[in-house]
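A.B. asks: Numbering-wise, the sequence shown is residues 0 to 451 according to numbering that gives the first Met the number 0.
Ideal placement from N, C-alpha and C gives every residue a C-beta, glycine not left out.
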Amino acid sequence: MSIFFAMGTPKPYRARISLSIITIIICGLAVVALLYTERISSLSSSSIFSFKTCSRRHAAKKSVKHNRNLRTGALDYAADDRFVFDPEECSLVNGKWVFNETIKPSYSDRSCPYLEMQVSCVKNGRLDLSYQHWEWQPDDCILPRFDPKKALQKLQGKRMMFVGDSLQRGQWESFVCLVESVIPEGQKSMKQGGEHHVFKAKEYNATIEFYWAPFLVESNTDLHIIADPKKRILKVDSVAKHAKHWMGVDILVFNTYVWWTSGLKIKSLWGSFPNGEEGYQELDAPVSFTIGLKTWANWVDSNIDPNKTRVFFTTMSPTHQRSADWGNEKGIKCFNETKPVTKRGHWGTGSDKGMMSTVASVVSRMKVPVTVLNITQLSEYRIDAHSSIYTESGGRLLTDEEKEDPLHYADCIHWCLPGVPDTWNRILYAHLSYEKEPTNINQRKEKEKLRD
Ligand SMILES: *[C@@H]1O[C@H](CO)[C@@H](O)[C@H](O)[C@H]1NC(C)=O
Ligand SMILES: *[C@@H]1O[C@H](CO)[C@@H](O)[C@H](O)[C@H]1NC(C)=O
Ligand SMILES: *[C@@H]1O[C@H](CO)[C@@H](O)[C@H](O)[C@H]1NC(C)=O
Ligand SMILES: *[C@@H]1O[C@H](CO)[C@@H](O)[C@H](O)[C@H]1NC(C)=O
Ligand SMILES: *[C@@H]1O[C@H](CO)[C@@H](O)[C@H](O)[C@H]1NC(C)=O
Numbered sequence: 000m001s002i003f004f005a006m007g008t009p010k011p012y013r014a015r016i017s018l019s020i021i022t023i024i025i026c027g028l029a030v031v032a033l034l035y036t037e038r039i040s041s042l043s044s045s046s047i048f049s050f051k052t053c054s055r056r057h058a059a060k061k062s063v064k065h066n067r068n069l070r071t072g073a074l075d076y077a078a079d080d081r082f083v084f085d086p087e088e089c090s091l092v093n094g095k096w097v098f099n100e101t102i103k104p105s106y107s108d109r110s111c112p113y114l115e116m117q118v119s120c121v122k123n124g125r126l127d128l129s130y131q132h133w134e135w136q137p138d139d140c141i142l143p144r145f146d147p148k149k150a151l152q153k154l155q156g157k158r159m160m161f162v163g164d165s166l167q168r169g170q171w172e173s174f175v176c177l178v179e180s181v182i183p184e185g186q187k188s189m190k191q192g193g194e195h196h197v198f199k200a201k202e203y204n205a206t207i208e209f210y211w212a213p214f215l216v217e218s219n220t221d222l223h224i225i226a227d228p229k230k231r232i233l234k235v236d237s238v239a240k241h242a243k244h245w246m247g248v249d250i251l252v253f254n255t256y257v258w259w260t261s262g263l264k265i266k267s268l269w270g271s272f273p274n275g276e277e278g279y280q281e282l283d284a285p286v287s288f289t290i291g292l293k294t295w296a297n298w299v300d301s302n303i304d305p306n307k308t309r310v311f312f313t314t315m316s317p318t319h320q321r322s323a324d325w326g327n328e329k330g331i332k333c334f335n336e337t338k339p340v341t342k343r344g345h346w347g348t349g350s351d352k353g354m355m356s357t358v359a360s361v362v363s364r365m366k367v368p369v370t371v372l373n374i375t376q377l378s379e380y381r382i383d384a385h386s387s388i389y390t391e392s393g394g395r396l397l398t399d400e401e402k403e404d405p406l407h408y409a410d411c412i413h414w415c416l417p418g419v420p421d422t423w424n425r426i427l428y429a430h431l432s433y434e435k436e437p438t439n440i441n442q443r444k445e446k447e448k449l450r451d
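(1) When you compare only the Cα positions, how much space is there between Ser432 and Phe145?
(2) Can you give, in chain order, each stretch of the beta strand (DSSP E) that sits fully within the stretch 149 to 234 and has at least 3 residues?
(3) Let me know if Lys243 comes out buried or exposed under the rule of 16 or more other beta-carbons within 10 Å of its beta-carbon.
(4) State the CB to CB distance for the pair Val369 and Phe311, rounded to an integer number of angstroms; the pair is presumed to be in contact (CB under 8 Å).
(5) Which value, in whole angstroms, describes the spacing of the CA atoms of Lys149 and Leu91?
(6) Go ahead and pull the three-state DSSP assignment for Leu431.
(7) Are Val238 and Trp295 closer than 8 Å when you measure CB to CB?
(8) List the DSSP bridge partners of Thr370.
(9) Taking 7 Å as the line, does the beta carbon of Asp304 fall inside it for any heavy atom of ligand 3?
(10) Where does Ser392 land, buried or exposed, given buried means 16+ other C-beta within 10 angstroms?
(11) Using the beta carbon as the reference atom, which residues fall closer than 5 Å to any heavy atom of ligand 2, ordered along the chain?
(12) Can you determine whether any heavy atom of ligand 5 sits closer than 7 Å to the C-beta of Thr314, and answer yes or no?
(13) Would you tell me roughly how many angstroms separate the C-alpha atoms of Arg343 and Met116, rounded to the nearest one?
(14) Spatial neighbours of Thr375 within its chain, please: CB distance less than 7 Å, with the 5 preceding and 5 following residues excluded, ordered by chain position.
(15) Would you report the Cα separation of Ala352 and Gly163, rounded to the nearest angstrom?
(16) Tell me the residue span of the alpha helix (DSSP H) that contains Gly353.
(17) If you follow the alpha helix (DSSP H) that Trp298 is part of, which residue opens it and which one closes it?
(18) Thinking just about the alpha-carbon of each residue, which of Leu114, Tyr256 and Gln131 is nearest to the one in Val358?
(19) In three-state terms, what does DSSP make of Leu268?
(20) When you compare the stretch 86 to 103 with the stretch 131 to 146, are there three or more beta-carbon pairs, one atom per stretch, that lie closer than 8 Å?
(21) With respect to the alpha helix (DSSP H) encompassing Lys240, which residues constitute its N-terminal and C-terminal limits?
(22) Could you tell me the distance, in whole angstroms, from the CA atom of Val235 to the CA atom of Thr101?
(23) If you count every other CB in all the chains shown that lies within 10 Å of the CB of His407, and 16 or more means buried, which is it?
(24) Classify Glu217: buried if its beta carbon has 16 or more other beta carbons within 10 angstroms, exposed otherwise.
(25) Confirm, please, whether the CB-CB distance from Asp85 to Thr337 is below 8 Å.
(26) Determine the extent of the alpha helix (DSSP H) in which Asp399 is found, giving its start and end residues.
(27) Rounded to whole angstroms, what is the Cα-Cα separation between Thr390 and Trp325?
(28) In three-state terms, what does DSSP make of Asp410?
(29) Examine ligand 7 and report whether any of its heavy atoms sits within less than 7 Å of the Cβ of Ile102.
(30) Assign Trp133 to one of three DSSP states: helix, strand, or coil.
(31) Under 7 Å from any heavy atom of ligand 4, does the C-beta of Asn335 make it?
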């Protein structure tokens with residue numbers, strides 16, 4: 000496969016871009032290297048490098064502090080004027096990562112048996128462990144700590160399913176690892192196969208599942224990944240084949256992003272054609288993405304009973320393929336980064352603001368309420384927390400030789416576990432814990448009355 004296959008068609012852009020050919024080759028190679036890290040259902044991150052100009056950086060707006068005293072809960076909030084997490088009052092987007100050596104992850108890639116090689120950084124030789132000791136501190140409120148027993152109680156008698164790509168699989172693995180250590184042997188099981196993986200907590204009669212659908216809509220590269228993005232065809236108006244597996248689930252957590260960013264036009268198919276797959280039309284990625292996302296939204300609106308099922312959507316997980324984005328001109332992607340970016344509102348070329356606003360507008364028009372887990376900004380800062388060279392390639396660990404060659408082999412898409420996806424789950428947990436308390440619903444009604 001030529002690197003330009005993976006890159007897409009750079010020709011029309013050539014006149015415009017000011018990047019050197021070397022950068023292009025570097026990025027192309029990076030993409031190829033990542034393609035080979037694929038296993039059965041892994042992310043085939045064909046993209047990743049966007050030629051579009053950087054999104055404008057804008058400083059995060061600091062929200063007004065609320066001097067109210069809501070439910071102080073079990074934690075000690077003395078000398079802190081932030082209030083306990085309330086989804087309607089607290090933006091989790093604005094905040095900072097705080098280093099705290101005493102914070103230890105509740106699991107490791109040795110203690111949790113369900114982590115795949117792709118994310119098992121310590122097991123794979125990573126020695127600098129400071130990335131495990133940063134905590135996300137929202138400006139306006141206190142995020143509750145993830146309490147595995149309480150999380151399992153929330154899931155009692157329920158099915159929770161993460162649906163999406165390998166980033167979503169990482170979030171699922173993180174959630175399973177966060178709870179599994181409090182479940183005794185014999186009371187838990189894991190069934191992995193094909194598109195659908197099921198972790199079961201027997202005494203809670205709860206399942207935490209993952210369903211692989213990297214575009215959410217159907218494509219010819221779902222289970223059997225086609226490495227060459229030019230050969231991928233998406234059925235942007237069809238979701239039923241996947242969605243039949245989502246029926247009856249109590250908590251659904253979706254994502255989709257990175258697979259749409261190949262830099263190519265997307266071969267999109269809808270309706271039915273006598274000549275089958277030949278009837279596709281090539282659409283710009285944002286257009287295809289919008290149609291695909293609307294297909295998903297229509298399915299949710301027509302099939303989900305919001306009284307029975309909660310729906311979440313995890314926003315795009317940023318990629319860190321271009322160290323110049325954070326001012327490290329001599330860097331090689333995210334390789335050898337050991338500290339988060341501190342510049343407020345930092346936003347790199349790996350996160351597409353246009354696609355973000357598509358998510359915002361589609362979700363806002365849905366009948367079924369969807370809670371957005373807006374993890375993009377907080378994850379943007381974490382250039383230090385990717386798998387980098389402590390990962391795998393084609394089902395085996397990188398060799399020492401490959402590790403010396405981060406340009407080709409460093410994975411700056413996926414995240415080490417334990418790591419950043421634990422914070423995504425802490426946010427998910429905060430939402431789950433919050434919504435279920437009936438008093439809060441009354442309080443919310445009160446608040447609405449006051450507002451009107
Ligand atoms: C670090 O975390 C510990 C344990 O949660 C907490 O008691 C302590 O206050 C934190 N320190 C800082 C500087 O935030
Ligand atoms: C276990 O949970 C499922 C839903 O996930 C439910 O249908 C079933 O009735 C539950 N069984 C028990 C014994 O609670
Ligand atoms: C959800 O429950 C409310 C109140 O019980 C009811 O009015 C509403 O029709 C229900 N919605 C659906 C989609 O069943
Ligand atoms: C990684 O960064 C450190 C400084 O932070 C530097 O001393 C070291 O040479 C770098 N390693 C490589 C392989 O570039
Ligand atoms: C997520 O947060 C960003 C700010 O970081 C905002 O621009 C965007 O609209 C939010 N996305 C959604 C889907 O709400």
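C.D. replies: This is what the structure gives:
(1) Here residue 432 is taken as the residue at index 433 of the sequence shown, counted from 1. Here residue 145 is taken as the residue at index 146 of the sequence shown, counted from 1. Between Ser432 and Phe145, the C-alpha separation is close to 10 Å.
(2) 158 to 163, 187 to 192, 195 to 200, 205 to 211 and 232 to 234
(3) Against the sequence shown, residue 243 aligns to sequence position 244. By the 10 Å Cβ count, Lys243 comes out exposed.
(4) Taking the sequence shown and counting its residues from 1, one reaches residue 369 at position 370. Taking the sequence shown and counting its residues from 1, one reaches residue 311 at position 312. That pair is a contact at about 7 Å.
(5) Translated into positions along the sequence shown, residue 149 becomes position 150. Translated into positions along the sequence shown, residue 91 becomes position 92. Cα-Cα distance, rounded: 21 Å.
(6) Translated into positions along the sequence shown, residue 431 becomes position 432. The three-state secondary structure of Leu431, taken from DSSP, is helix.
(7) The sequence position of residue 238 within the sequence shown is 239, counting from 1. The sequence position of residue 295 within the sequence shown is 296, counting from 1. Yes. Within cutoff.
(8) Here residue 370 refers to the residue found at position 371 when the sequence shown is read from its first residue. Phe311.
(9) Taking the first residue of the sequence shown as position 1, residue 304 is located at position 305. Checking every heavy atom of ligand 3 against the Cβ of Asp304, one is found closer than 7 Å.
(10) What you label residue 392 is simply residue 393 of the sequence shown in a count that begins at 1. That one is buried.
(11) Gly156, Arg158 and Asn204
(12) Here the question's residue 314 lines up with position 315 in the sequence shown. At least one heavy atom of ligand 5 is nearer than 7 Å to the Cβ of Thr314, so yes.
(13) Translated into positions along the sequence shown, residue 343 becomes position 344. Translated into positions along the sequence shown, residue 116 becomes position 117. Using only the alpha carbons, I get a separation of about 32 Å.
(14) The residue given as residue 375 occupies position 376 in the sequence shown. Thr314, Met315, Pro317, Ser350 and Met355, listed in sequence order.
(15) Stepping through the sequence shown from its first residue, residue 352 is reached at position 353. Stepping through the sequence shown from its first residue, residue 163 is reached at position 164. The amino acid occupying residue 352 in the given sequence is Lys; Ala does not appear at that position. Each residue's Cα considered, the two are about 20 Å apart.
(16) As a working mapping, residue 353 is identified with position 354 in the sequence shown. Start and end: Lys352 to Ser363.
(17) Position 299 of the sequence shown, counting from 1, holds the residue named residue 298. Ala284 to Asn302 is the extent of the alpha helix (DSSP H) around Trp298.
(18) Position 359 of the sequence shown, counted from the first residue, corresponds to residue 358. Ranking Leu114, Tyr256 and Gln131 by Cα distance to Val358 puts Tyr256 first.
(19) The residue you call residue 268 lines up with position 269 of the sequence shown. Reduced to three states, the DSSP call for Leu268 is strand.
(20) yes
(21) Here residue 240 refers to the residue found at position 241 of the sequence shown. Note, Lys240: alpha helix (DSSP H), Ala239 to Ala242.
(22) By one-based count along the sequence shown, residue 235 stands at place 236. By one-based count along the sequence shown, residue 101 stands at place 102. About 47 Å.
(23) Walking along the sequence shown from the start, residue 407 turns up at place 408. By the 10 Å Cβ count, His407 comes out buried.
(24) By 1-based counting over the sequence shown, the position of residue 217 is 218. Buried, because 16 or more other Cβ atoms sit within 10 Å of the Cβ of Glu217.
(25) Taking the first residue of the sequence shown as position 1, residue 337 is located at position 338. Taking the first residue of the sequence shown as position 1, residue 85 is located at position 86. No. Outside cutoff.
(26) The count along the sequence shown starts at 1 and reaches residue 399 at position 400. Per DSSP, Asp399 belongs to the alpha helix (DSSP H) from Asp399 to Lys402.
(27) Reading the sequence shown from its first residue, position 391 is the one you call residue 390. Reading the sequence shown from its first residue, position 326 is the one you call residue 325. Each residue's alpha carbon lies about 23 Å from the other.
(28) As a first step, residue 410 is located in the sequence shown; it is residue number 411 there, counting from the start. DSSP places Asp410 in strand when its eight states are reduced to three.
(29) Although ligand 7 was asked about, the structure shown includes only ligand 1, ligand 2, ligand 3, ligand 4 and ligand 5 as ligands.
(30) As a working note, residue 133 is residue 134 in the sequence shown. Strand at Trp133.
(31) Within the sequence shown, residue 335 is the residue found at index 336, counting from 1. Because some heavy atom of ligand 4 lies under 7 Å away, the Cβ of Asn335 counts as near it: yes.
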